[in-house]
Amino acid sequence: AQSVTQLDSQVPVFEEAPVELRCNYSSSVSVYLFWYVQYPNQGLQLLLKYLSGSTLVKGINGFEAEFNKSQTSFHLRKPSVHISDTAEYFCAVSGSYIPTFGRGTSLIVHP
Amino acid sequence: NAGVMQNPRHLVRRRGQEARLRCSPMKGHSHVYWYRQLPEEGLKFMVYLQKENIIDESGMPKERFSAEFPKEGPSILRIQQVVRGDSAAYFCASSLGRGQGPRGELFFGEGSRLTVL
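These protein sequences, in sequence, are chains W and D. The first sequence stops at residue 111 when you use our numbering, and every number in between is there. The second sequence stops at residue 228 when you use our numbering, and every number in between is there.
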């Protein structure tokens, strides 16, 4: 069995400030980890993924995430956010063939 | 457009009617997933299909819901006798599906938003 917990349902932040969106997972097998972004009325787009290798993963739009096996976490970070980063962010884990998604974190960037 | 195509984007049905949602995967992808999204609940897995086979339907309600992915044509999610609780966004995703599952990413369509009056 696998599960994903996104600890924050909403994260408000001012433009140009840093942000961290938290994600913890559980799985009985080796995992692959993903972050997706969803803009209003659209589907999900992949931001970044961890399959193996370096625990620090860089993605699109300046986002990065760090895989921490001991803490079973895969937090998403960006050093300086833009208004256009306002969206819903989903963490996902895939240890079996069915990816499991978290409930999502709404990132709200204020000017 | 080589992406995942879903239609209709918006569908309104009255209680008791049928809803059919269609999904054409990305070119070359033979694995299709359906997820349902409700406000503040994230994405819930419904069913995983390969061509002509249902691999896992553990997330599908036991009644009124069915899915298929025929040899030719799109995957279809069918909801019979819809009720207000079926109102949601339904997303289709496809993958290459190597080995035991998607070691790569899922590619999502833009979703079909069902409203039941």
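Glycine residues also receive a C-beta, built at the ideal position from the N, C-alpha and C atoms.
Proximity of residue i and residue j at Cβ, strictly below 9 angstroms
| i | j | result |
| --- | --- | --- |
| D/Phe218 | D/Arg147 | no |
| D/Arg189 | D/Glu129 | yes |
| W/Gly62 | W/Ser80 | yes |
| W/Leu76 | W/Ala87 | no |
| W/Pro12 | W/His110 | yes |
| W/Val93 | W/Tyr36 | no |
| W/Ser27 | W/Gly104 | no |
| D/Ser135 | D/Met116 | yes |
| D/Leu132 | D/Pro150 | no |
| D/Gly153 | W/Gln6 | yes |
| W/Leu47 | W/Tyr97 | no |
| W/Leu44 | D/Ala204 | yes |
Buried/exposed call for residue i, threshold 16 Cβ in 10 Å
| i | result |
| --- | --- |
| W/Thr55 | exposed |
| W/Phe74 | buried |
| W/Phe101 | buried |
| D/Ala200 | buried |
| D/Arg124 | buried |
| W/Lys78 | buried |
| W/Tyr39 | exposed |
| D/Lys138 | exposed |
| D/Gly184 | exposed |
| D/His121 | exposed |
| D/Gly210 | Any reading at D/Gly210 needs caution, since the residue's pLDDT is 48, under 50, leaving its predicted position unreliable; the model's value is listed next. The residue in question, D/Gly210, is exposed, as its Cβ has fewer than 16 Cβ neighbours within 10 Å. |
| D/Ala178 | buried |
| D/Val193 | buried |
| W/Gly53 | exposed |
| W/Phe14 | exposed |
| D/Val143 | buried |
Contact test: residue i Cβ vs the ligand SAH heavy atom, cutoff 8 angstroms
| i | result |
| --- | --- |
| D/Leu132 | The model depicted lacks the ligand SAH and carries no ligand whatsoever. |
Boundaries of the beta strand (DSSP E) in which residue i is found, first to last residue
| i | result |
| --- | --- |
| W/Gln10 | 10–14 |
| D/Tyr201 | 199–206 |
| W/Leu46 | 44–50 |
| D/Asn87 | Outside the modelled stretch of chain D, which goes from 112 to 228, sits residue 87 of chain D, for which no answer is possible. |
| W/Asn24 | 24–27 |
(request) Could you run through the stretch 151–168 of chain D and flag, in chain order, every residue whose CB is less than 9 angstroms away from some CB of chain W? (result) Glu151, Glu152, Gly153, Leu154, Lys155, Phe156, Tyr159, Ile166, Asp167
(request) Could I get the ranges of all uninterrupted beta strand (DSSP E) runs contained in the stretch 126–191 of chain D, with 3 residues as the minimum, in chain order? (result) 130–135, 142–149, 153–161, 164–167, 176–179, 186–190
(request) Please list the residues of the stretch 16–49 of chain W that have a C-beta atom closer than 9 angstroms to any C-beta atom in chain D, keeping them in chain order. (result) Tyr32, Phe34, Tyr36, Gln38, Asn41, Gln42, Gly43, Leu44, Gln45, Leu46, Lys49
(message) Counting only Cβ-Cβ distances shorter than 9 angstroms, please list the residues of the stretch 90–104 of chain W near chain D, keeping chain order.
(response) Result list: Phe90, Ala92, Ser94, Gly95, Ser96, Tyr97, Ile98, Pro99, Thr100, Phe101, Gly102, Arg103, Gly104.
(message) What are the residues in the stretch 179–209 of chain D lying within 7 angstroms of chain W by C-beta distance?
(response) Phe202
(request) Would you mind listing the beta strand (DSSP E) stretches within the stretch 77–106 of chain W that are 3+ residues and don't spill past its ends, in chain order? (result) 87–94
(message) Which residues of the stretch 74–90 of chain W have a Cβ closer than 7 angstroms to any Cβ of chain D? Give them in chain order.
(response) Within the stretch 74–90 of chain W, the residues whose Cβ lies closer than 7 angstroms to any Cβ of chain D are, in chain order, Phe90.
(message) Residues of the stretch 60–73 of chain W in Cβ contact with chain D at a cutoff of 9 angstroms, in chain order, please.
(response) none
(request) With 9 angstroms as the limit, tell me which residues of the stretch 3–17 of chain W have their beta carbon closer than that to any beta carbon of chain D; keep them in chain order. (result) Val4, Gln6, Ser9
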